[in-house]
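Written out below as structure tokens is the structure these notes cover.
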Amino acid sequence: MVTLSPKSDQKILLELKGVKKYFPIKGGILKRDQGHVKAVEDVSLQLYEGESLGVVGESGCGKSTLGRAILGLEELTEGKIHFRNEEIQDLKRKEKLKFVKEMQMIFQDPYASLNPRQRIGHALEEVFTMHTNMSAKEKRASVLDLLHEVGLKEEHFDRYPHEFSGGQRQRIGIARAIALNPSFVICDEAVSALDVSVQAQVLKLLKTLQEKYQLSYLFISHDLGVVRYFCDRVLVMYLGNTVELGTVKELFANPLHPYTQALLSAIPRPSVHTNKKRIRLEGDLPNPANPPTGCPFHTRCPIAQEVCMVDKPAWQEIEPAHFAACHFAGTKI
Amino acid sequence: MTNAVLTTDLKTSVVKKKEKVYVTTLKRLLKNKLAVAGMVIIILQIGMAIFAPVISTHDPIHQNLVKSELPMFSENHWLGTDNYGRDVWSRIVYGARISLLVGITAVSLGLLGGVTLGLLGGYYKKLDGIIMRIVDLLFSFPGILLAMLIIAILGTNLVNVAIAISIWSIPTCARIVRGSVLSIKQKEYIMAMKSLGASDFRIMIRHILPNAMAPIIVFATMRMATAILSTASLSYLGLGAQPPTPEWGAMIAVGQNYMWTSPHLTIIPGIAIMLTVFAFNVVGDGLRDALDPNMDIN
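In the order they appear, the protein sequences are chains A and B.
Counting from 20, one number per residue, gives the positions in the first sequence under my numbering.
Counting from 3, one number per residue, gives the positions in the second sequence under my numbering.
Here it is as structure tokens:
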């Protein structure tokens with residue numbers, strides 16, 4: 020595939036091929052399957068070494084499920100995931116351990132993602148217990164290094180999660196994710212729960228770590244401002260489908276898909292001079308258990324034509340390294 | 003990351019040194035007067051059990067027919083003697099040993115079985131159906147009847163009483179644990195541990211169990227009361243401790259023949275049983291109240 024992304028000289032780290040994740044809806048007396056919630060519908064993409072790929076979309080569009088599916092926390096309904104050219108979606112837990120070291124996740128709510136009954140020093144040591152044969156002394160030393168790395172202190176070792184502030188907790192979450200020197204980290208709304216000032220600090224920390232360890236990020240977020248600052252490329256999702264993918268610069272300057280255009284117009288602009296009209300989408304997100312025929316967006320799309328209700332638009336490279344799934348890609352609303 | 007940013011983050015954060023959960027629980031428990039009274043009784047009883055040879059005045063099974071059926075506050079025998087002339091006080095003291103020992107054994111065995119079944123049932127969806135049907139089956143037997151059945155099969159002695167009572171504790175415990183596991187396994191930190199590659203065993207033991215401890219502790223305390231009462235009941239029926247073992251229930255069984263002439267032979271072991279059961283129950287109640295606000299410390 021021709022991908023003229025600015026990082027095209029780099030190796031592909033992770034590749035998704037036609038990934039689908041359906042959740043069965045059970046009902047009735049016999050608990051039979053009564054259809055599926057199509058959380059992730061046919062997602063294919065590549066992630067390069069050292070890049071940050073942002074994933075944006077409304078709540079319920081399948082961003083988080085996608086992240087979990089990549090880590091193997093959700094079983095795929097269909098599709099393949101390649102990590103460093105090895106298929107990983109069907110591996111058993113023991114075979115998967117070597118990939119676990121490479122792929123980690125930072126969760127949205129740093130408090131909920133830490134065991135409230137475990138001192139954070141021990142929580143971090145446990146990561147080494149599971150994956151290495153370090154002695155107790157080595158583990159403690161490594162944990163102290165980690166704490167310093169994320170901007171915490173030695174005295175925090177013996178504290179419980181509730182004794183920290185939100186920002187500090189997220190630093191602990193980050194420390195846990197980078198403990199095993201991964202090459203790929205999924206940030207699932209990693210800064211959404213934090214104050215704006217703390218957000219900036221945590222984002223800075225993530226950037227520093229990325230430069231130091233050559234990390235790749237899959238940065239799941241609903242905050243376009245954060246994505247614009249943090250990511251190299253952006254993937255827009257709608258109702259489980261990939262809608263548009265491009266470099267941050269390209270996508271923000273020249274959004275091809277009407278949904279992306281609507282999303283971008285919703286970013287507040289601190290300016291009195293530009294009087295840009297906001298594109299308002301009518302109606303709600305359709306029920307993912309019963310998605311619309313044709314283009315999933317046609318029910319709310321301001322430029323929808325008849326063809327959109329019948330044919331699902333193909334995922335195609337409209338401009339170099341800029342993909343979109345729309346029959347009328349590039350039409351400005 | 004610049005140092006300036008770092009220090010502001012650490013300074014602005016409110017790092018209040020909170021007490022550990024167990025300390026706060028104990029503090030709350032100490033405010034509950036009834037629970038404190040219960041704890042005093044339990045501590046006294048444990049002291050009695052441990053120091054039985056020191057505080058007893060006579061050999062609990064030594065018969066002295068010359069001094070049989072002495073009333074309370076007699077010389078050398080402040081709680082009197084029974085029909086064989088055995089010192090009631092010494093028998094009560096040694097009886098505390100038996101009650102506690104059987105109670106602790108029964109509750110520990112019950113917890114072992116119940117927690118295991120509850121953890122497995124709550125964690126593995128596939129096992130849940132089978133395990134919960136077994137639990138339902140055990141539930142359908144009346145407690146004492148089930149215990150009698152088990153003793154009838156295994157034979158009458160105190161070890162079998164402990165086993166019988168423990169089996170009868172398993173279903174309740176399993177249900178309590180399963181309920182907690184079901185809610186805890188949805189928490190994000192369990193997901194986080196899975197993403198770190200933790201084994202199911204590690205997740206259950208290190209992460210789910212510690213967070214499910216509060217209801218288990220309350221259950222264990224309350225169950226101690228029931229276990230001690232059941233031991234006494236079974237011994238009273240002749241299915242538990244055999245003569246001349248100084249067991250409270252067995253003491254009542256013998257004493258009831260002399261109820262009109264020497265009422266202290268039934269009243270004193272009766273009071274001992276009642277106080278112990280009362281103590282464990284109020285402490286259990288107190289623990290539940292004290293732990294409740296902490297059960298969900300998120």
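Beta carbons are placed, not taken as given, at the ideal position from N, Cα and C, and that holds for glycine.
is_contact[residue i, chain B] using C-beta, thresh 8 Å
i: F126/A; result: yes
i: L166/A; result: no
i: L378/A; result: In this structure chain A extends from 20 to 352, so residue 378/A is not present and cannot be described.
i: L92/A; result: yes
i: V262/A; result: no
i: V119/A; result: yes
i: K296/A; result: no
Contact set between residue i and chain A, taken where Cβ atoms lie within less than 7 Å
i: E190/B; result: F126, D128, A131 and S132
i: M193/B; result: L92
Pair within 8 Å by beta-carbon distance, residue i and residue j
i: L237/A; j: L66/A; result: yes
i: E269/A; j: H175/A; result: no
i: V163/B; j: L121/B; result: no
i: E173/A; j: L165/A; result: no
i: L222/A; j: V210/A; result: yes
i: G242/B; j: C175/B; result: no
i: T59/B; j: D84/B; result: no
i: H181/A; j: P135/A; result: yes
i: A227/B; j: G286/B; result: yes
i: L264/A; j: L64/A; result: yes
i: M256/A; j: G86/A; result: no
i: D242/A; j: T266/A; result: no
i: K82/A; j: D61/A; result: no
i: V104/B; j: A229/B; result: yes
i: S232/B; j: I273/B; result: no
i: R195/A; j: R138/A; result: no
i: I172/B; j: G123/B; result: no
i: G87/B; j: M253/B; result: no
i: V109/B; j: A222/B; result: yes
i: V253/A; j: G69/A; result: no
Buried/exposed call for residue i, threshold 16 Cβ in 10 Å
i: V215/A; result: exposed
i: R208/B; result: buried
i: P321/A; result: exposed
i: Q187/A; result: buried
i: G40/B; result: buried
i: M328/A; result: exposed
i: P144/B; result: exposed
i: A285/A; result: exposed
i: D109/A; result: exposed
i: I155/B; result: exposed
i: T263/B; result: exposed
i: G46/A; result: exposed
i: K33/B; result: exposed
i: Q244/B; result: exposed
i: Y238/B; result: buried
i: H266/B; result: buried
i: Y130/A; result: buried
i: Q324/A; result: exposed
i: W91/B; result: buried
i: H276/A; result: buried
Proximal residues of chain B, C-beta to C-beta of residue i below 9 Å
i: H150/A; result: L198 and G199
i: Q123/A; result: S197 and L198
Under 7 Å by beta carbon: chain B residues contacting residue i
i: V146/A; result: L198
Residues that residue i contacts on chain B, provided the C-beta gap is smaller than 8 Å
i: V162/A; result: Going along chain B, no residue has its Cβ under 8 Å from V162/A, so there is no contact; the nearest lies around 14 Å.
i: Q218/A; result: Near Q218/A there are no residues of chain B at all, since even the closest Cβ is about 11 Å away, more than 8 Å.
Pull out every residue of the stretch 249 to 266 of chain B whose Cβ sits closer than 7 Å to any Cβ of chain A, in chain order.
-> none
Chain B contacts from the stretch 319 to 335 of chain A (Cβ-Cβ distance under 9 Å) = none
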